[in-house]
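With mature numbering (1 follows the signal peptide of the UniProt record, and there is no 0) applied, the sequence shown corresponds to residues -27 to -1, 1 to 478, in that order.
Every residue gets a Cβ at the ideal spot worked out from N, C-alpha and C, and that includes glycine.
Report on one structure; see the data block that follows.
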Amino acid sequence: MKSIYKIALKSATLSAAAIALTVPALAADLRIGLQDDPDVLDPHRARTFVGRIVLTSMCDKLFDINDKLEIQPQLAKEWKWSENGKTLHVKLREDGKFHDGATITAADVKANLERAKTLPESLRKSEIAAIDKIEVLDDTSLDIHVTKHDAALLTQLSDRAGMILSPKAFTDGEFTQNPVCSGPYKFTSRVQNDRIVLEKFADYWDAANYHFDKVTYLPIQDSTVRFANLRSGDFDLIERLASSDIEAAKSDKNLTYLPVTSIGYQALTFNLTKGDKDSFPIGHDKRIRQAFELSLDRNAINEVVGQGVFQPAHQPFPPSSFAYNPKYDAVTRDVEKAKQLMKEAGHERISFELAFGNSTTSQQVYELIQAMSSEAGFDISLRPTEFAALQSTLKEKSYEVGQSGWSGRADPDGNIHQFDTCKGSLNDAGFCNEKIDALLEEARGLQDQAQRKALYDQAQEILQDELPIIYLYYQPWIFATRANLKGFSAHPDGMIRLKGVTLEQ
C-alpha cells in the first residue's frame, strides 16, 4: 500500500496538482535483504548478526551508540556513575512503552537484567557479569550495583544485553513465538528462511521519526541474487553487498553504495573439547594450529575474494581500537615453517571438517583456505551450513573447526572477554586459561586506556601462542540501497537504524 504524507497548505489557493508536483510520495513499506536467516528473536538467547539487525528495530535498549561509537540515550535518558565506580544510576524516559501498551518501568528493566544474568541459556551472562544487584528507586529510577567498576558495561547495555522486553511476554509464554519488545516496530509474523514482518508501533515515544508502516526482512544467502533483487526494485536496501558487485553498485545511477569500516571480524574457531590428541590433533596441539595459521595468506583472501575490502586481521581488535597491537600484523604465510611444525607434532597431513555459513562469499573464502592450507599438509572437508544452524552447532560444540564472525563492540572487552574466558558466553572453543581470565577481568575494572591496553597485550601474547581462534579479516559492512531511499547512514556496528529514513516514490 502506498501513502502520501499530508502537508500544511500555506495558501488555500494552491491546487492539489501543484502539491503533487512539489511533494514527493513516500512509500509505506520497506523491504530489506539479509544475508542470513536470523536465529531466535530473543536478545538474551540470540547469536546472529542478522538477528541483531531485526532486534534493533524491535527492541529499544537502555543506550545506543552513534556513528562515532559514542554512548547515546535511548530508554535511559540520564545516567551517572558513583564516585567509586560501583553504582550506575539510571533515569528512564517517562514515555517508553511496550508493544502491549504497558509503560516501561524501572522494575521492568530490573526484570530484564536479571533474566539476562540468570536464564540458563542466556548468552549475555558474561557480558554483564559485573552486575551484582539492581535496586528500583521509583518507577523511572534505578541503581545498578556492580561488584567492581566495569569499563565495558555501558557498551554492553547499548546492545542485546540492554534490550528491554516485556516481562509479561517472557514470563507467561514462549517469547520467541510472540516477542513483545519496546522499539519503533513490533513483531507481526515470521516464516522461517523466508521473511520476518514488523509493523510500526504507533505509541512509540519517537514514532514521528519512523516513516514506514511495515518493514519486511528477507534472507537470501546468494549475494548475486540478493543484489539482483535490489537492482530490480524488489528490495530497497541490502546488507553485506558482495565485493564482486561493488563496481556494479557504484556505477548504477538507481543505487547508492554505502560502505563503512566495521569493528568486527571474521575468524575460525577450533573445538578444543573434541576428542583427544590422537583423534583430533588440531584441537589438542597448538603447534598444529600454529602451522595452520602459517599456511594462510590473508592478503590473497583480501585480493581474490574481498576485492581489496577484506582488511587482513590477526587479532580481535580493529585498528581503530586503543587495544590494537600492530606487531601481530607481521605474521605472514610461511609454508615451510608450517610443515616443520607439523613434523615436530608428529604429523605429515591432518584432516578436519570446517563448518561455515552457506553464503556466496563464505564459500569463496573457505575454498581458498582449503587450497592454501593443503600445501602445508591440511586436508579440509568443507561443510556449508544454514547460518542459524551453524550457530547452534558452535554453541553445542558439535563441530571440529567453524566459522566465527563477530560484528564487534565499541569497547575492546566486547571483542575478547566472552570468547576467551573460561565461562565466556560465546566461548565456542572451550578454551580455558586462568591467566587470561585474570587479565581480562582486571582490564574490565580499569578506566585508564593505557593500563587496559597493557593487560590486553599480555592476554594476546598467550592467545597468539595458543590460537583457539584464528582471525582472518575485519568484516566490512557494505550496504547498498535504492537511490530513492533517503536518510539512511551506515554505522560501524553494522546495524540498520531506520530513524529519519524515507523512501521516495
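Alpha carbon to alpha carbon, what distance is there between residue j and residue i?
i: ARG4; j: LEU210; result: 7 Å
i: ASN298; j: THR113; result: 42 Å
i: PHE404; j: GLY397; result: 9 Å
i: MET229; j: SER380; result: It is worth fixing the name first, because residue 229 is Thr in this sequence and not Met. Using only the alpha carbons, I get a separation of about 23 Å.
i: SER55; j: THR120; result: 13 Å
i: GLY146; j: PRO140; result: 10 Å
i: ALA296; j: ARG425; result: 8 Å
i: ARG88; j: PHE265; result: 40 Å
i: ALA383; j: PRO465; result: 9 Å
i: THR197; j: GLY473; result: 29 Å
i: VAL(-5); j: ARG455; result: Note that VAL(-5) has pLDDT 44, beneath the 50 cutoff, so the model's placement of it is unreliable and the number below is only indicative. VAL(-5) and ARG455: Cα-Cα distance of roughly 19 Å.
i: ILE77; j: ASP68; result: 8 Å
i: ALA463; j: GLU439; result: 35 Å
i: ASP218; j: GLU51; result: 43 Å
i: LYS42; j: ASP195; result: Checking the displayed sequence, the identity of residue 42 turns out to be Leu instead of Lys. Their Cα atoms are separated by approximately 31 Å.
i: SER371; j: LEU241; result: 15 Å
i: TRP178; j: TYR158; result: 11 Å
i: ARG204; j: ALA221; result: 10 Å
i: LEU86; j: ILE435; result: 33 Å
i: ASN244; j: GLY24; result: 24 Å
i: ASP421; j: PRO357; result: 43 Å
i: ASN272; j: LEU428; result: 29 Å
i: GLY418; j: CYS395; result: 18 Å
i: LYS247; j: ARG20; result: 22 Å
Would residue i and residue j qualify as a contact pair, given that the criterion is a beta-carbon distance under 7 Å?
i: MET315; j: GLY279; result: no
i: ALA361; j: ASP15; result: no
i: LEU363; j: ALA411; result: no
i: ASP386; j: ALA175; result: no
i: ILE469; j: ILE137; result: no
i: SER162; j: CYS32; result: no
i: GLY6; j: ILE193; result: yes
i: ALA416; j: PRO441; result: no
i: TYR447; j: ALA286; result: yes
i: ARG168; j: GLN8; result: no
i: VAL170; j: THR189; result: yes
i: GLU348; j: VAL308; result: yes
i: ASP270; j: ARG306; result: yes
i: THR60; j: HIS122; result: no
Put residue i into one of helix, strand or coil per three-state DSSP.
i: MET31; result: helix
i: VAL164; result: strand
i: PHE392; result: helix
i: MET(-27); result: Note on MET(-27): pLDDT 37, under 50, position unreliable in the model; the coordinate value appears next. The answer is coil: DSSP assigns MET(-27) none of H, G, I, E or B.
i: GLY256; result: helix
i: ILE409; result: helix
i: TYR230; result: strand
i: GLN45; result: strand
i: LEU(-7); result: Low per-residue confidence applies at LEU(-7): pLDDT is 40, beneath 50, and the placement is therefore not dependable enough to give any value.
i: ASP438; result: helix
i: GLY24; result: helix
i: PRO140; result: helix
i: HIS120; result: Before going further, note that residue 120 is Thr rather than His in the sequence given. Three-state result, THR120: coil.
i: LEU96; result: coil
i: ALA102; result: coil
i: GLY473; result: coil
i: ARG133; result: helix
i: VAL188; result: strand
Suppose the cutoff is 6 Å on Cβ atoms and the five residues either side in sequence are ignored; what does the same chain contact list for residue i look like?
i: LYS310; result: LEU267
i: ASP186; result: ALA1 and LYS173
i: ALA(-20); result: In this prediction, ALA(-20) has a pLDDT of 30, which is less than 50 and means its spatial position is unreliable; nothing more can be read from the coordinates.
i: LEU191; result: GLY6 and ARG168
i: LEU367; result: GLY375 and ASP401
i: LYS459; result: THR475
Against chain D, with Cβ distances strictly below 7 Å, would residue i count as a contact?
i: GLN343; result: Absent from the structure: chain D. Only one protein chain is present.
If I'm right that residue i touches residue j with Cβ under 8 Å, what's the distance once you round it to whole angstroms?
i: PHE253; j: GLU373; result: 7 Å
i: ALA80; j: LEU110; result: That belief does not hold up - the Cβ atoms of ALA80 and LEU110 are roughly 11 Å apart, past 8 Å.
i: GLN376; j: SER335; result: 6 Å
i: GLN129; j: GLU100; result: 4 Å
In chain order, what residues of the same chain have a beta carbon less than 8 Å from the beta carbon of residue i, not counting five sequence neighbours either side?
i: ASP258; result: LYS250 and ALA318
i: ILE261; result: PRO254, ILE255, LEU314, MET315, ALA318, HIS320 and ILE323
i: ASN457; result: LEU476, GLU477 and GLN478
i: GLN238; result: Reading off the sequence, residue 238 comes out as Tyr, not Gln. Result list for TYR238: ALA286, PRO289, PRO291, GLY378, TRP379, GLY381, ASN388, TYR444, LEU445, TYR446, TYR447 and GLN448, in chain order.
i: VAL82; result: LEU35, LEU48, VAL63, LEU65, ILE107, LEU115 and ILE137
i: VAL282; result: SER216, ILE219, PRO232, ASN275, PRO449 and ILE451
i: TRP302; result: The sequence given here has Asp at residue 302, not Trp. Within the same chain, ASP302 has close Cβ partners PRO285 and HIS287.
Among the residues of its own chain, which have a CB less than 7 Å from the CB of residue i, if the five just before and after it don't count?
i: GLN45; result: PHE36, ASP37, ILE38 and ASN39
i: TYR339; result: LEU327, PHE329 and LEU355
i: ARG97; result: HIS17, ALA89, ARG133, ALA134 and SER398
i: LEU(-7); result: Its pLDDT being 40, under 50, LEU(-7) is placed unreliably by the model, and the measurement read from it follows with that caveat. Nothing listed; no residue qualifies.
i: ASN227; result: ARG455 and ALA456
Under 6 Å: does the beta carbon of residue i sit that close to some heavy atom of the ligand PLP?
i: GLN336; result: Absent from the structure shown: the ligand PLP. Ligands present: none.
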